[in-house]
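Student:
Protein chains: 2
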Amino acid sequence: MYLNSLNQSNFMSYENKDFYAPQDKMYVATDCIIFGFEDGRLKLLVFKRRVEPLMGEWSLIGSFVKLNEDVDEAAQRVLEEITGLKNIFMEQLKSYGAANRDPGYRCVSIGQYALIRINDYDKELVEKHGAHWYDIDDLPDLVLDHNQMVIDALEKLKLKARYQPLGFELLPEKFTIPQLQQLYEAIYQKQLDARNFRKKALSNKVLIKLEEKDKTSSRRGAFLYKFDDKTYQRLIQSGYNFEIS
Amino acid sequence: MYLNSLNQSNFMSYENKDFYAPQDKMYVATDCIIFGFEDGRLKLLVFKRRVEPLMGEWSLIGSFVKLNEDVDEAAQRVLEEITGLKNIFMEQLKSYGAANRDPGYRCVSIGQYALIRINDYDKELVEKHGAHWYDIDDLPDLVLDHNQMVIDALEKLKLKARYQPLGFELLPEKFTIPQLQQLYEAIYQKQLDARNFRKKALSNKVLIKLEEKDKTSSRRGAFLYKFDDKTYQRLIQSGYNFEIS
DNA sequence: GATAATAAATGTAATTTATACATTAATTTT
DNA sequence: AAAATTAATGTATAAATTACATTTATTATC
C-alpha cells in the first residue's frame, strides 16, 4: 500500500483524461479522517471518489471550504452529510500544503480527525455514499496524500488518547471494562494487562458502574460502565491530570 | 511584507481607509510564532504592521502562500527574510480558518511556531524590519487572532518540550545546567528544584559536559554542556523515551 | 441437576520513579 | 584573609508502575 509506483499511475490516469487543472487559483479544502471501533478493531471510513481525477479510487471524505464558511464548520458539514450526525468529536490534525499535492488543484487541505460511534443507523447512511469501514491495519491505497493523513492522525490519536478521554467517543455510551481495554489495545497497538488496566481506568473516578451486565461476550457477563463527563470536567478544572494506561 | 504577493489593485484599495474587502477569493497565509530565550526569559518576536488595515499595530510576521510554493516553504521564506537564518526549527501549530478572522480578506492562515537562538547578529537584522522581542508575559495586543495563536503555541510548546528536546533550539550551542533549568522554568512557568532538575536532565545521557566554564553569572562558574543530537537520534531509534522535568 | 467451559474480577509484592530537602565547593571581590 | 555568591552534590520517603495466578459468575451441555 501507499507505493510510489501507485502514485505515479494515479497521476497518469489523471493525465489521460485531460482533466483541466486550474492552478491559477488557491483552494482550501478539509479532509476528514474518520475513526470508528467495532469488534475490537479500530476502523477508518473511506469513500469511493466520485470526481475526476482519480474517480473510483478510495479516498477520505472532504470538501472545499466555502468562502463564507469557517474551516471547522466545513468539516462538520461534511461529516453531517455523510453520517447524519451532529456534534461529533472532531479536531484539527494539521494542514497539508505541498504545492503539488493535488494534480487537479492548488489546494491546501486541513486534515481533521473525527471519532464516531459506529452503529447500524450510521452504517446505513454511510453505505448510501459508497463508503466502507476498513480495518485500520488493512487499509487500501488512498488518493493523494490521504494515506499520510491517516498515519498522522493515528499517531496523534495514540498520543492524545493517553491524557484525554478521547476513547469514550468511540465506544457506545455503555461499555464494559474489557471493551475499553480492547479499544486502548487497538489504539496503542499493544497488549495490556487486564488487572493493571482496570485499576488505572477506575482510579480516575470518572467511570460510573451500572447495575446492568453485557453478556454478549461471556457467560458470566461484564458490568457496564459509563463515562461521567461532569465529574471529568470538574476534575480537570481543579488541575487533575487524567491518564489512562 | 504580508502583502507582497497580492496584485496591485487589491493592494491599493486595501491601503486606503475605506478599503475594499475582496471576499470573493480564498487566500492562504502563514504566520510565524517566533520564540526566543534571553536573560532567563522566554521572548516572542513581533512586528509593526506596515499595511492597512491596522497599520502600525503589533502583529506576528507572515505572508500569503504563493501558488507554486509549499506552505512550509512559505514559512521558512518569511523567517529567512526576517532573521537571515536558514534551517530554523519550525513546526505547524494549527490552521486558523474562521470566515471572518481577517476583515480584509477571506484568508486561512497556517500558524507555525519557530524556536530561534537570539544573538546580536539576529537582532540587528530583526531591527531593520521594525520588529521587537517582547517578554512572553508582557505582550502587547496583536492584530486579528494573533494573540490566540501565541496562546496556542505556548500551550503546545509546554506540552512538547517535556518529551522532545525542543529546548535546545532556544539555547546557544553551549549552555550551563542552570541556564537549561531557567529555560524550562520559563516554559513551564514554575520553579524547579535544582538537584532534581540536574539529575533528570543528565539521566537522559544526551548532554556532553565540556571542559569550559561559563563565568558570566557566578564567581565559581558553571560547566558548559552541549546537546548530543547523534546520541539522541540513536536512543529514540531504539525506543528510548526522552523526558525532561 | 451436575459438570464443563468461559471470560470477568480481584490483590500483592517488587521495582522504579518522583519528591523533598541542606550542605559543601569553587571562585572572585573587597 | 575574609566575604560573597552561585554551582554542585546525596539520601531517605513517598508514589506509581509492573509483573503475575486464582477465584467467581454464568451458561451450555451432558
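As you go down the protein sequences, you meet chains A and B in turn.
Read in order, the letters of the first sequence are residues 1479 to 1723 in our numbering.
Read in order, the letters of the second sequence are residues 1479 to 1723 in our numbering.
Backbone N, C-alpha and C fix where the C-beta goes; we use that ideal spot for every residue, glycine too.
Should residue 1518 (chain A) and residue 1588 (chain B) be called a contact, given that it needs their Cβ atoms to be closer than 8 Å?
Tutor: Counted from its first residue, the first sequence places residue 1518 (chain A) at position 40. Counted from its first residue, the second sequence places residue 1588 (chain B) at position 110. Against a cut-off of 8 Å, the Cβ pair of residue 1588 (chain B) and residue 1518 (chain A) comes out as no contact.
Student: By DSSP's criteria, residue 1533 (chain B) is part of a beta bridge. Which residues make up the other side?
Tutor: The count along the second sequence starts at 1 and reaches residue 1533 (chain B) at position 55. Paired residue(s): none; residue 1533 (chain B) is not in a bridge.
Student: Return the first residue and the last residue of the beta strand (DSSP E) that residue 1561 (chain A) is part of.
Tutor: Along the first sequence, one-based indexing puts residue 1561 (chain A) at 83. Segment 1549 to 1561 is the alpha helix (DSSP H) holding residue 1561 (chain A); no beta strand (DSSP E) there.
Student: Where does residue 1508 (chain B) sit, in a helix, a strand or coil, going by DSSP?
Tutor: On the second sequence, position 30 is the one that residue 1508 (chain B) refers to. Residue 1508 (chain B): strand per DSSP, three-state reduction.
Student: Are residue 1649 (chain B) and residue 1542 (chain B) touching if we call contact CB-CB under 8 Å?
Tutor: Counted from its first residue, the second sequence places residue 1649 (chain B) at position 171. Counted from its first residue, the second sequence places residue 1542 (chain B) at position 64. Contact flag unset, no.
Student: Just the chain A side, please: which residues come within less than 7 Å of residue 1504 (chain B) by C-beta, in chain order?
Tutor: Here residue 1504 (chain B) refers to the residue found at position 26 of the second sequence. Result: 1504, 1505, 1506 and 1545.
Student: Quick check on DSSP: helix, strand or coil for residue 1684 (chain B)?
Tutor: Locating residue 1684 (chain B) in the second sequence gives position 206, counting from the first residue. If DSSP states are grouped into helix, strand and coil, residue 1684 (chain B) belongs with coil.
Student: Give a yes or no on whether the minimum CB-CB distance between residue 1501 (chain A) and chain B is below 8 Å.
Tutor: Along the first sequence, one-based indexing puts residue 1501 (chain A) at 23. With 8 Å as the cut-off, residue 1501 (chain A) counts as an interface residue toward chain B.
Student: In whole angstroms, what separates the C-alpha of residue 1563 (chain A) from that of residue 1641 (chain A)?
Tutor: As a working mapping, residue 1563 (chain A) is identified with position 85 in the first sequence. As a working mapping, residue 1641 (chain A) is identified with position 163 in the first sequence. Near 26 Å, if we compare the C-alpha coordinates of residue 1641 (chain A) and residue 1563 (chain A).
Student: Can you check DSSP and say which residues form a bridge with residue 1568 (chain B)?
Tutor: Translated into the one-based positions of the second sequence, residue 1568 (chain B) becomes position 90. The partner list for residue 1568 (chain B) (beta bridge, DSSP) reads B:1592.
Student: Is there a Cβ of chain B sitting closer than 8 Å to that of residue 1634 (chain A), yes or no?
Tutor: For the purposes of this step, residue 1634 (chain A) is identified with residue 156 of the first sequence, where counting begins at 1. So, not an interface residue.
Student: Is it true that the CB of residue 1621 (chain B) sits closer than 8 Å to the CB of residue 1530 (chain B)?
Tutor: As a position in the second sequence, residue 1530 (chain B) is number 52, starting the count at 1. As a position in the second sequence, residue 1621 (chain B) is number 143, starting the count at 1. Not closer than 8 Å, so no.
Student: Please state whether DSSP places residue 1514 (chain B) in a helix, a strand or coil.
Tutor: Taking the second sequence and counting its residues from 1, one reaches residue 1514 (chain B) at position 36. Of the three classes helix, strand and coil, the one that applies to residue 1514 (chain B) here is strand, per DSSP.
Student: Cβ of residue 1665 (chain A) less than 8 Å from any chain B Cβ?
Tutor: Position 187 of the first sequence, counted from the start, is the residue given in the question as residue 1665 (chain A). No, its Cβ sits nowhere closer than 8 Å to a Cβ of chain B.
Student: Please state if the CB of residue 1646 (chain B) and the CB of residue 1702 (chain B) are separated by a distance shorter than 8 Å.
Tutor: The sequence position of residue 1702 (chain B) within the second sequence is 224, counting from 1. The sequence position of residue 1646 (chain B) within the second sequence is 168, counting from 1. Not closer than 8 Å, so no.
Student: Note down, in chain order, each residue of its chain lying with its Cβ closer than 7 Å to the Cβ of residue 1679 (chain B), except the 5 sequence neighbours on either side.
Tutor: Residue mapping note: residue 1679 (chain B) aligns to position 201 of the second sequence, counting from 1. Contacts found: 1655, 1658, 1685 and 1722.
Student: Taking 8 Å as the CB-CB cut-off, is residue 1556 (chain A) touching chain B?
Tutor: For the purposes of this step, residue 1556 (chain A) is identified with residue 78 of the first sequence, where counting begins at 1. False, the Cβ-Cβ gap to chain B never drops below 8 Å.
Student: Keeping to the same chain, check which residues put their C-beta closer than 7 Å to that of residue 1613 (chain A); ignore five residues upstream and five downstream.
Tutor: Within the first sequence, numbered from 1, the residue matching residue 1613 (chain A) stands at position 135. Within the same chain, residue 1613 (chain A) has close Cβ partners 1519 and 1521.
Student: Let's see if you can read the secondary structure: which residues bound the beta strand (DSSP E) around residue 1519 (chain A)?
Tutor: Residue 1519 (chain A) sits at position 41 when you count from the first residue of the first sequence. Counting along the chain, the beta strand (DSSP E) containing residue 1519 (chain A) begins and ends at 1519 to 1526.
Student: Label residue 1690 (chain A) either buried or exposed according to how many other C-beta atoms from any shown protein chain fall within 10 Å of its C-beta, with 16 as the threshold for buried.
Tutor: Taking the first sequence and counting its residues from 1, one reaches residue 1690 (chain A) at position 212. Residue 1690 (chain A) should be labelled exposed.
Student: Can you give me the start and stop residues for the alpha helix (DSSP H) that residue 1707 (chain A) sits inside?
Tutor: Taking the first residue of the first sequence as 1, we reach residue 1707 (chain A) at position 229. Segment 1707 to 1715, the alpha helix (DSSP H) holding residue 1707 (chain A).
Student: Tell me whether the beta-carbon of residue 1561 (chain B) lies closer than 8 Å to the beta-carbon of residue 1623 (chain B).
Tutor: Here the question's residue 1561 (chain B) lines up with position 83 in the second sequence. Here the question's residue 1623 (chain B) lines up with position 145 in the second sequence. No. Outside cutoff.
Student: Can you tell me whether residue 1508 (chain B) is buried or exposed? The criterion is at least 16 other CB atoms within 10 Å of its CB, across all chains shown.
Tutor: For the purposes of this step, residue 1508 (chain B) is identified with residue 30 of the second sequence, where counting begins at 1. When all chains shown are included, residue 1508 (chain B) counts as buried.
Student: Around the C-beta of residue 1592 (chain B), are 16 or more other C-beta atoms found within 10 angstroms, so that it is buried, or is it exposed?
Tutor: Counting from 1 along the second sequence, the entry for residue 1592 (chain B) is found at position 114. That one is buried.
Student: With which residues is residue 1704 (chain B) paired in a DSSP beta bridge?
Tutor: Taking the first residue of the second sequence as 1, we reach residue 1704 (chain B) at position 226. Beta-bridge pairing links residue 1704 (chain B) to B:1686.
Student: So, at 7 Å on beta carbons, what are the nonlocal neighbours of residue 1540 (chain A) in its own chain, with the 5 sequence-adjacent residues on each side left out?
Tutor: Translated into the one-based positions of the first sequence, residue 1540 (chain A) becomes position 62. If we look at residue 1540 (chain A) and ignore the five residues flanking it on each side, its Cβ neighbours are 1507, 1508, 1509, 1510, 1556 and 1587.
Student: Once DSSP output is grouped into helix, strand and coil, what is the label at residue 1658 (chain B)?
Tutor: Within the second sequence, residue 1658 (chain B) is the residue found at index 180, counting from 1. The answer is helix: DSSP assigns residue 1658 (chain B) an H, G or I state.
Student: When DSSP labels each residue in this structure, what does residue 1720 (chain A) get in the three-state scheme?
Tutor: By one-based count along the first sequence, residue 1720 (chain A) stands at place 242. The answer is coil: DSSP assigns residue 1720 (chain A) none of H, G, I, E or B.
Student: Against residue 1573 (chain A), what residues of chain B qualify as contacts under a CB-to-CB distance less than 7 Å, listed in chain order?
Tutor: Translated into the one-based positions of the first sequence, residue 1573 (chain A) becomes position 95. Correct list: 1549, 1570, 1573 and 1588.
Student: Residues in the stretch 1574 to 1585 of chain B with C-beta within 7 Å of chain A's C-beta atoms, listed in sequence order?
Tutor: The stretch 1574 to 1585 of chain B vs chain A, Cβ under 7 Å: 1575, 1576, 1577 and 1584.
Student: Comparing C-alpha positions only, which one of B:1688, B:1706, B:1709 and B:1705 sits nearest to residue 1699 (chain B)?
Tutor: On the second sequence, position 221 is the one that residue 1699 (chain B) refers to. Among B:1688, B:1706, B:1709 and B:1705, the Cα nearest to that of residue 1699 (chain B) belongs to B:1688.
Student: Using only the alpha-carbon positions, how far apart do residue 1676 (chain B) and residue 1692 (chain B) sit?
Tutor: Residue mapping note: residue 1676 (chain B) aligns to position 198 of the second sequence, counting from 1. Residue mapping note: residue 1692 (chain B) aligns to position 214 of the second sequence, counting from 1. Straight-line Cα distance between these residues: approximately 17 Å.
Student: Tell me whether residue 1719 (chain B) is buried or exposed, calling it buried when 16 or more other Cβ atoms sit within 10 Å of its Cβ.
Tutor: Walking along the second sequence from the start, residue 1719 (chain B) turns up at place 241. Counting Cβ neighbours within 10 Å, residue 1719 (chain B) comes out exposed, since fewer than 16 surround it.
Student: Could you pull the start and end residues of the alpha helix (DSSP H) that residue 1629 (chain A) belongs to?
Tutor: Here the question's residue 1629 (chain A) lines up with position 151 in the first sequence. Per DSSP, residue 1629 (chain A) belongs to the alpha helix (DSSP H) from 1624 to 1639.
Student: Run through the DSSP bridge pairs and tell me what residue 1785 (chain A) is partnered with.
Tutor: It is not possible to answer for residue 1785 (chain A), since the shown part of chain A is limited to 1479 through 1723.
Student: Which residue or residues does DSSP assign as beta-bridge partners of residue 1609 (chain A)?
Tutor: Sequence index remark: in the first sequence, residue 1609 (chain A) carries index 131 (1-based). DSSP, once it has assigned bridges, lists A:1525 as partnering residue 1609 (chain A).
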